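Protein sequences appear in the order of chains P and F.
In terms of the working numbering, the first sequence is residues 1 to 362.
In terms of the working numbering, the second sequence is residues 1001 to 1281.
Where a beta carbon is used, it is the ideal one built from N, C-alpha and C, also for glycine.
Computed from a prediction, not measured in an experiment: that's the story for all the values here.
Working notes, structure below.
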Amino acid sequence: MSEAAETRKPARKKVELDPKLAAYKGVWVFVEHERGQVHPVSWELMGEGRKLADKLGVELAGVVMGAPGPESRVFCNEAMFHGADLCYLMEDDLLRDYRNEPFTKGLTDLVNSYQPEILLIGATTLGRDLAGSVATTLKTGLTADCTELAIDMENRSLAATRPTFGGSLLCTIVTLNYRPQMATVRPRVMAMPETDRTRSGRILEHPLGMVEESIITKVLEFIPDNMQGKPQLAFADIIVSGGRGMKKPENFQLIWDLAKVLGAEVGATRPIVQAGWVEADRQVGQSGKTVRPKLYIAAGISGAIQHRVGMEDSDVIIAINSDPNAPIFDFATYGIVGNAMVILPALTEAFRQHLSTARLAG
Amino acid sequence: MHIVVCIKQVPDSAQIRVHPVTNTIMRQGVPAIVNPYDLYSLEEALRIKDQYGGRVTVLSMGPPQAETALRKAISFGADDAILVTDRAFAGSDTLATSYALASAIRQIEKDIPVDMVFAGKQTIDGDTAQVGPGIAKRLDMQLLTYVSKVREIDLENRTVTVERRAEGGVQVLRTSMPCLVTVLEGTNEMRFATMSNMFRAARYPLKTWDKEKAGIEDVAKIGLKGSPTIVSKVFAPTPKSVKAEIIDTESNQPKDLAVTLLAKLFTKKPNLQRDIAKNAP
């Protein structure tokens, strides 16, 4: 992505690709996994990659890198269920834990050997570390945190759209004279594709070709997060969020009360997190998390673009705000114009009653 | 210990507005600040200097105005500041930016060898998180991103042990210097500028490097020419055409509003009841 997007000239329309680069074919998705779990963003990208590959008339491949074992094959098969035609598999003990050096070398080697035209990676801590390193090693373009991927058929190029200036504007970025075209996408930005468990495909193995002695960085230990009590916003079904309109930290308890009745996670806008009312893990928006729950309740949130980009794909949005002109009402599903401090308790009570009635009814 | 900290001056994105008619960024009156993520890196570098001794050099690439950001860093306690500025850098994407900053760091190394480079986790304007890894690859330095704690620096064996935020946990990594570190937000809190450092910042003779002084060997690798990514279109997000259905009742009492809303909600999304029941206590 450009560091100075607005100063740059628009792209030329038609570009003749160097024949060496034109030989790059196919769409790849890096299948991220840690501790036996594939990160859902990889499957979200597989769904998106399928569309791009179909548009280009090429194959979609998953890239699985990890320690030898049955697990890797399971991940390859899962990749096919989610839309891949084939998988590149690199197994080596050195790939047991993520480290920049062996993963960068492995993925770079795979790209140089099999030459994909597009490489997609999840914008996670692992993915961003890896993508930046691989792109620099390959001297190619990388567009970070895309929200939309399309193919510009004229140049057969990837048109990657991403928010810029804190989400106030969107820009579409192309990589014309370099291959592969790389992009990262945040979790929950793309929809999870349907799985088809009858699908299968071929698995191509490729060695890493490294020895431990040549790797300088060592993993001393891994301390797993204690998930107990840790917010899990990205994959929550229901989120109740509060913004500056909650006025006082004490009032934020009303958000927690409603969340408790709904079994929901609590979210917040940037000012709330900066004021220290809730922990940083709960921030939704451009500089926080992207979420797409089934129900998002926004209380005292004006709906500024920085917050909107993180939650506008929620299935249903209920907005409570005292200002009838608040931008949140332009994109919410339902709105209540009123004082959140009064509406929230009423809503909590109504949900409580509704749920107990529903339970009695069985 | 010689630590180079890369910082960037950015517009405060929280205050950026888009002109409703022309769809262009209204920069007027938007204050320029030091990228907030860079401050965690700067503070961490200053703490290492406090504990192990040495020097901290801050480096920035940008327009001449970015001088302000560098002086700010001096006021917090950095020893030296270098601004890499040249029109030839305009339009650089992350690949070209990492090339330019890596060249400048090689020039810095000619005076004093560099043991560690710190960079922000990401910027608030570009948000790419790519320049740090890019610099590390170009300088063939070990890369430690999303560091939440520097546990130990062993000057004798030249090793660095850190805690790194990974998906689902924290990795404890040990590597050798030279290495490049990006720091996770919330790791520390920036110190206050002391009066004497503020005076020093005001008087500090800032070094300004053009592309030659920054050691750029290949001008085809900087600016627009050196940038593989091209911005083909900039546009404002399309507003959703459907506005919220405002819940209205005769009484407009909170209770009635809530009950009416729920009735509509569960009629439209009957499955939500099941989803809530699944999670609810």
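Contact belief for residue i with residue j at Cβ below 8 Å, rounded distance in angstroms
{"i": "Leu1139 of chain F", "j": "Ala1102 of chain F", "result": "5 Å"}
{"i": "Thr1161 of chain F", "j": "Glu1152 of chain F", "result": "4 Å"}
{"i": "Val1131 of chain F", "j": "Thr1094 of chain F", "result": "5 Å"}
{"i": "Gly1215 of chain F", "j": "Arg1106 of chain F", "result": "6 Å"}
{"i": "Val64 of chain P", "j": "Gly26 of chain P", "result": "Contact flag wrong, Cβ pair sits at about 16 Å."}
{"i": "Ser241 of chain P", "j": "Ala298 of chain P", "result": "5 Å"}
{"i": "Gly166 of chain P", "j": "Ile1108 of chain F", "result": "Wrong, their Cβ atoms sit about 32 Å apart, outside the cutoff."}
{"i": "Lys1233 of chain F", "j": "Cys171 of chain P", "result": "7 Å"}
Contacts around residue i, its chain only, beta-carbon distance under 6 Å, and the 5 residues preceding and following it disregarded
{"i": "Ala1045 of chain F", "result": "Ile1003, Val1005, Val1056 and Phe1118"}
{"i": "Asp966 of chain F", "result": "No answer is possible for residue 966 of chain F: the residues shown for chain F start at 1001 and end at 1281."}
{"i": "Lys1207 of chain F", "result": "Ile1082"}
{"i": "Glu1043 of chain F", "result": "Asn1188 and Met1190"}
{"i": "Arg292 of chain P", "result": "Arg188, Asp313 and Ser314"}
{"i": "Met341 of chain P", "result": "Asn251"}
{"i": "Gln353 of chain P", "result": "none"}
{"i": "Thr290 of chain P", "result": "Arg186, Arg188, Val189 and Gly310"}
{"i": "Ile1247 of chain F", "result": "Leu1257, Thr1260 and Leu1261"}
{"i": "Gly66 of chain P", "result": "Ser72 and Leu95"}
{"i": "Glu148 of chain P", "result": "Thr161"}
{"i": "Trp28 of chain P", "result": "Ala61, Val63, Pro116 and Leu119"}
Collapsed DSSP secondary structure at residue i in the structure displayed
{"i": "Ser241 of chain P", "result": "strand"}
{"i": "Thr1057 of chain F", "result": "strand"}
{"i": "Ser1013 of chain F", "result": "helix"}
{"i": "Leu60 of chain P", "result": "strand"}
{"i": "Lys1213 of chain F", "result": "coil"}
{"i": "Lys230 of chain P", "result": "coil"}
{"i": "Glu91 of chain P", "result": "strand"}
{"i": "Ala319 of chain P", "result": "strand"}
{"i": "Glu1167 of chain F", "result": "coil"}
{"i": "Met1116 of chain F", "result": "strand"}
{"i": "His33 of chain P", "result": "strand"}
{"i": "His1002 of chain F", "result": "strand"}
{"i": "Leu344 of chain P", "result": "helix"}
{"i": "Arg359 of chain P", "result": "helix"}
{"i": "Pro40 of chain P", "result": "helix"}
{"i": "Pro1228 of chain F", "result": "coil"}
{"i": "Val416 of chain P", "result": "Limits of chain P in this structure are 1 at one end and 362 at the other, which puts residue 416 of chain P out of reach."}
{"i": "Lys247 of chain P", "result": "coil"}
{"i": "Arg199 of chain P", "result": "coil"}
{"i": "Glu1245 of chain F", "result": "strand"}
{"i": "Arg1191 of chain F", "result": "coil"}
{"i": "Gly66 of chain P", "result": "strand"}
{"i": "Ile215 of chain P", "result": "coil"}
{"i": "Gly209 of chain P", "result": "coil"}
Where the beta strand (DSSP E) through residue i begins and ends
{"i": "Asp145 of chain P", "result": "Leu142 to Cys146"}
{"i": "Val189 of chain P", "result": "Element bounds for Val189 of chain P: n/a, residue is neither H nor E."}
{"i": "Ala299 of chain P", "result": "Leu295 to Ala299"}
{"i": "Thr1267 of chain F", "result": "Careful: Thr1267 of chain F lies outside any beta strand (DSSP E), inside the alpha helix (DSSP H) at Pro1254 to Lys1268."}
{"i": "Arg202 of chain P", "result": "Arg202 to Glu205"}
{"i": "Ile173 of chain P", "result": "Leu169 to Thr175"}
{"i": "Lys218 of chain P", "result": "Lys218 to Pro224"}
{"i": "Val1183 of chain F", "result": "Cys1179 to Val1183"}
{"i": "Thr1128 of chain F", "result": "Looking at the DSSP string, Thr1128 of chain F is not in any beta strand (DSSP E), and its letter there is neither H nor E."}
{"i": "Gln181 of chain P", "result": "Gln181 to Val185"}
{"i": "Val337 of chain P", "result": "Tyr334 to Val337"}
Same chain only: Cβ atoms within 7 Å of residue i, ignoring 5 sequence neighbours per side
{"i": "Ala326 of chain P", "result": "Ser302 and Gly303"}
{"i": "Leu43 of chain P", "result": "Note that residue 43 of chain P is Trp in the sequence shown here, rather than Leu. Cβ neighbours of Trp43 of chain P beyond the five flanking positions: His82, Met192 and Pro193."}
{"i": "Trp256 of chain P", "result": "Val266"}
{"i": "Ala350 of chain P", "result": "none"}
{"i": "Asn339 of chain P", "result": "Ser322"}
{"i": "Leu347 of chain P", "result": "Leu258"}
The alpha helix (DSSP H) enclosing residue i, as first and last residue numbers
{"i": "Asn1279 of chain F", "result": "Asn1271 to Asn1279"}
{"i": "Glu279 of chain P", "result": "No alpha helix (DSSP H) holds Glu279 of chain P; DSSP gives it neither H nor E."}
{"i": "Glu1094 of chain F", "result": "The question names Glu, but residue 1094 of chain F in the sequence shown is Thr. Element bounds for Thr1094 of chain F: Thr1094 to Asp1111."}
{"i": "Ile305 of chain P", "result": "Ile305 to Met311"}
{"i": "Arg73 of chain P", "result": "Pro70 to Phe81"}
{"i": "Pro19 of chain P", "result": "Pro19 to Ala22"}
{"i": "Phe252 of chain P", "result": "Looking at the DSSP string, Phe252 of chain P is not in any alpha helix (DSSP H), and its letter there is neither H nor E."}
Cut-off 8 Å between Cβ atoms - residues of its own chain near residue i, not counting five sequence neighbours on either side
{"i": "Asp18 of chain P", "result": "Asn177"}
{"i": "Ala1090 of chain F", "result": "Gly1223 and Leu1224"}
{"i": "Arg99 of chain P", "result": "Ile215, Thr217 and Val219"}
Which full runs of the beta strand (DSSP E) of 3+ residues lie inside the region 1134-1164 of chain F, going along the chain?
1142-1154
So within the region 1034-1089 of chain F, which uninterrupted beta strand (DSSP E) runs reach at least 3 residues, ignoring any that extend past its ends?
1055-1061 and 1080-1084
Could you tell me which uninterrupted beta strand (DSSP E) segments, each at least 3 residues in length, are contained entirely in the region 108-157 of chain P, listed from first to last along the chain?
118-122, 142-146 and 148-152
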